[in-house]
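Participant: Residue numbers (the working numbering): 3 to 348.
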C-alpha cells in the first residue's frame with residue numbers, strides 16, 4: 003500500500019477531521035518550544051509557556067512553576083475530554099489514554115507492596131489525573147476490593163495482580179506484566195477495527211518500546227542467560243520485529259544488533275544509536291529517532307479527510323508535545339546548563 007493510499011473512506015470522520023484541523027493550529031511550533039527552552043530558569047520558562055493557548059488555561063491549576071507537572075497532566079486530560087467528545091469511536095480515543103490508567107496501577111501496586119499506600123488518592127505521589135478513570139477508583143479497588151465501577155477487563159487485571167502479590171511476585175515483574183497487558187489490549191482492540199493504518203501504527207509503537215528495552219538491557223552487560231530472561235520478560239509480542247527474533251540476540255555483541263535491524267525501517271536508528279553510544283556513552287537521540295519514524299508514518303493524517311488518520315496523528319503529536327515540554331521544564335528544575343540541555347537532545 004502506497005504512502006497516501008486510503009484503504010477506506012469513513013465519512014463519519016469528516017466533521018471530526020474539521021475539528022482536528024482547528025486544534026492543529028494550536029500545536030506548538032519549533033520556535034515556540036525554543037522560546038520556552040530559552041528561559042533563564044524554570045520560572046521564566048514556565049511564564050513563557052503561559053503565553054501559549056491552551057496551556058495558558060491548563061496551567062492555571064498549578065500553584066507555581068514548581069507545580070508544572072500538574073499543569074501538563076491537566077492539558078493531557080483536557081485534550082482527552084475534548085477529542086473524545088467529537089470522536090465517532092470514543093473507544094479508540096480511550097486506548098491512547100488507557101496508558102495513564104496502567105501507569106497509575108503500577109504506582110499504586112508498588113506502594114501497596116511496600117505497605118505505604120495511603121487511603122486518600124490526593125496523598126499519592128506521581129499519580130496521573132489524565133487517564134480514562136478517576137484514580138480514586140483504582141485506589142479503592144486495591145485497598146478495599148471495590149471494583150464495582152471498573153470495566154470488566156480492569157477487574158480481571160487487578161484480580162490477577164493481587165494474586166501475583168500473594169505469591170510474592172516482585173514489583174518490577176508486576177510492572178512488566180502491566181506493560182505487556184496494556185500493549186496486548188492496544189493491539190487486540192485496534193486489530194478488531196481491521197484498519198491497515200492502525201495495524202501498522204501499533205506495530206511501530208510496540209517496536210519502539212522493544213528497541214529501547216533491547217538496547218538498555220544490552221548495555222547492562224549481563225551474561226547470556228540473564229539477558230535472555232530480561233528480554234523474555236520485557237519484550238512485547240506484536241511488533242514488526244518478532245519477539246523470538248529479538249531474544250535470539252541475548253548475549254551477542256552490540257554490533258550484532260545491526261544484523262537484527264538489517265532490511266527494516268529501523269536500520270538507520272540502530273546505526274545512529276550505536277554510534278552515539280560509542281562516542282558519548284549516551285542514547286539521548288534514540289527517542290527522537292524512533293519518534294521521527296513514527297511521525298513519518300502518521301504524517302499522512304495531515305492530508306486525509308475521511309478516516310482515522312487525522313485524529314490519531316493529532317493525538318500522537320499532542321502527546322509528543324507534552325513530553326517535550328515535560329523534559330524541558332524538568333531540565334530547568336534540575337538547573338541544567340544550556341549545554342546539558344542540548345546534549346540530551348532538547
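Just so you know, even glycine gets a beta-carbon here, dropped at the ideal spot from N, CA and C. In this text, all values refer to a predicted model and were calculated from it rather than measured experimentally.
(1) Check whether the Cβ atoms of residue 159 and residue 126 lie closer than 8 Å to each other.
(2) Output needed for residue 318: all residues of its chain with C-beta closer than 6 Å, excluding positions within five of it in sequence on either side, in chain order.
(3) Looking at the structure shown, is residue 310 part of a helix, part of a strand, or coil, going by DSSP?
(4) Note down, one range per segment and in chain order, each alpha helix (DSSP H) of at least 4 residues found wholly within the segment 175-251.
(5) Looking at C-beta atoms only, is the number of pairs between the segment 305-316 and the segment 273-293 that lie closer than 8 Å three or more?
(6) In chain order, what residues of the same chain have a beta carbon less than 8 Å from the beta carbon of residue 11, not counting five sequence neighbours either side?
(7) Report yes if the CB atom of residue 86 is closer than 8 Å to the CB atom of residue 131, and no otherwise.
(8) Would you identify the three-state DSSP class for residue 27, choosing helix, strand or coil?
(9) Residue range of the alpha helix (DSSP H) that residue 2 falls in?
(10) Pop quiz: residue 215 and residue 237 are said to be a contact at Cβ under 8 Å. What is the actual Cβ separation, rounded to whole angstroms?
(11) Grab the span of the alpha helix (DSSP H) containing residue 337 for me, first residue to last.
(12) Taking 6 Å as the limit between beta carbons, can you name the residues of its chain near residue 175, skipping five residues before and five after?
(13) Would you identify the three-state DSSP class for residue 154, choosing helix, strand or coil?
(14) Starting from residue 48, trace the alpha helix (DSSP H) in both directions and tell me its first and last residue.
(15) Just to confirm my understanding: we take residue 89, look at its own chain, exclude 5 residues before and 5 after, and list those with CB closer than 8 Å. What are they?
(16) Taking the beta carbon of residue 255 as the centre, do at least 16 other beta carbons fall within 10 Å, making it buried, or is it exposed?
(17) Roughly how many angstroms lie between the CA atoms of residue 99 and residue 147, to the nearest whole one?
(18) Residue 15 lies in the alpha helix (DSSP H); which residues open and close that run?
(19) If we count Cβ pairs, one from each stretch, closer than 8 Å, do we get three or more for the segment 106-124 versus the segment 132-139?
(20) In angstroms, rounded to a whole number, what distance separates the CA positions of residue 33 and residue 47?
(21) Please report the distance separating the alpha-carbon of residue 23 from that of residue 54.
(22) Alpha carbon to alpha carbon, how far is residue 42 from residue 187? Give it in angstroms, no decimals.
(23) Take residue 56 and list the residues in its own chain whose beta-carbon comes closer than 8 Å to its own, dropping the five residues that flank it on each side.
(24) Only counting the same chain, and skipping five residues up and downstream in sequence, which positions put a Cβ closer than 6 Å to that of residue 113?
(25) Helix, strand or coil: how does DSSP classify residue 121 here?
(26) In whole angstroms, what separates the C-alpha of residue 227 from that of residue 173?
(27) Can you tell me whether residue 264 is helix, strand or coil according to DSSP?
(28) Kindly say whether residue 109, judged by its beta-carbon, lies nearer than 8 Å to any beta-carbon of chain E.
Facilitator: Short version:
(1) Taking the first residue of the chain shown as position 1, residue 159 is located at position 157. Taking the first residue of the chain shown as position 1, residue 126 is located at position 124. Not in contact: residue 159 and residue 126 (Cβ atoms no closer than 8 Å).
(2) The residue you call residue 318 lines up with position 316 of the chain shown. The residues are 300.
(3) Taking the first residue of the chain shown as position 1, residue 310 is located at position 308. Residue state, collapsed to three classes: coil.
(4) 198-221, 226-236 and 245-249
(5) no
(6) By 1-based counting over the chain shown, the position of residue 11 is 9. Closer than 8 Å at Cβ, skipping near neighbours: 308 and 309.
(7) Locating residue 86 in the chain shown gives position 84, where the first residue counts as 1. Locating residue 131 in the chain shown gives position 129, where the first residue counts as 1. No, the pair does not count as a contact, with Cβ atoms beyond the cut-off.
(8) In the chain shown, counting from the first residue as 1, residue 27 sits at position 25. Looking at residue 27 - three-state DSSP - the assignment turns out to be coil, as it is neither helix nor strand.
(9) This structure does not reach residue 2, given that the chain is present from 3 up to 348, and the question cannot be answered.
(10) By 1-based counting over the chain shown, the position of residue 215 is 213. By 1-based counting over the chain shown, the position of residue 237 is 235. Right, the Cβ-Cβ distance comes to about 6 Å (below 8 Å), so this counts as a contact.
(11) As a working mapping, residue 337 is identified with position 335 in the chain shown. From DSSP, residue 337 is part of no alpha helix (DSSP H); its letter is neither H nor E.
(12) Locating residue 175 in the chain shown gives position 173, counting from the first residue. Taken in chain order, the list of residues that qualify is empty.
(13) Along the chain shown, read from residue 1 onward, the residue named residue 154 stands at position 152. Residue 154: helix per DSSP, three-state reduction.
(14) Against the chain shown, residue 48 aligns to sequence position 46. From DSSP, the alpha helix (DSSP H) with residue 48 extends over 44-51.
(15) Residue mapping note: residue 89 aligns to position 87 of the chain shown, counting from 1. Counting only Cβ-Cβ distances below 8 Å, and skipping sequence neighbours, we find 18, 95 and 313.
(16) The sequence position of residue 255 within the chain shown is 253, counting from 1. Label assigned to residue 255: exposed.
(17) Within the chain shown, numbered from 1, the residue matching residue 99 stands at position 97. Within the chain shown, numbered from 1, the residue matching residue 147 stands at position 145. About 24 Å.
(18) Within the chain shown, residue 15 is the residue found at index 13, counting from 1. Residue 15 -> no alpha helix (DSSP H), and no H or E assigned at all.
(19) yes
(20) Along the chain shown, one-based indexing puts residue 33 at 31. Along the chain shown, one-based indexing puts residue 47 at 45. The alpha-carbon atoms of residue 33 and residue 47 are separated by roughly 14 Å.
(21) By one-based count along the chain shown, residue 23 stands at place 21. By one-based count along the chain shown, residue 54 stands at place 52. The straight-line gap from Cα to Cα measures roughly 18 Å.
(22) Locating residue 187 in the chain shown gives position 185, counting from the first residue. Locating residue 42 in the chain shown gives position 40, counting from the first residue. Going by the C-alpha atoms only, they are around 43 Å apart.
(23) Taking the first residue of the chain shown as 1, we reach residue 56 at position 54. The residues are 28, 77 and 80.
(24) Position 111 of the chain shown, counted from the first residue, corresponds to residue 113. So the qualifying residues of the chain are 119.
(25) By 1-based counting over the chain shown, the position of residue 121 is 119. Here residue 121 sits in coil by DSSP.
(26) Numbered from its first residue, the chain shown carries residue 227 at position 225. Numbered from its first residue, the chain shown carries residue 173 at position 171. Looking at the backbone, the Cα of residue 227 and that of residue 173 are separated by about 21 Å.
(27) Taking the chain shown and counting its residues from 1, one reaches residue 264 at position 262. Residue state, collapsed to three classes: coil.
(28) Considering every chain present, this structure includes no chain E. It has just one protein chain.
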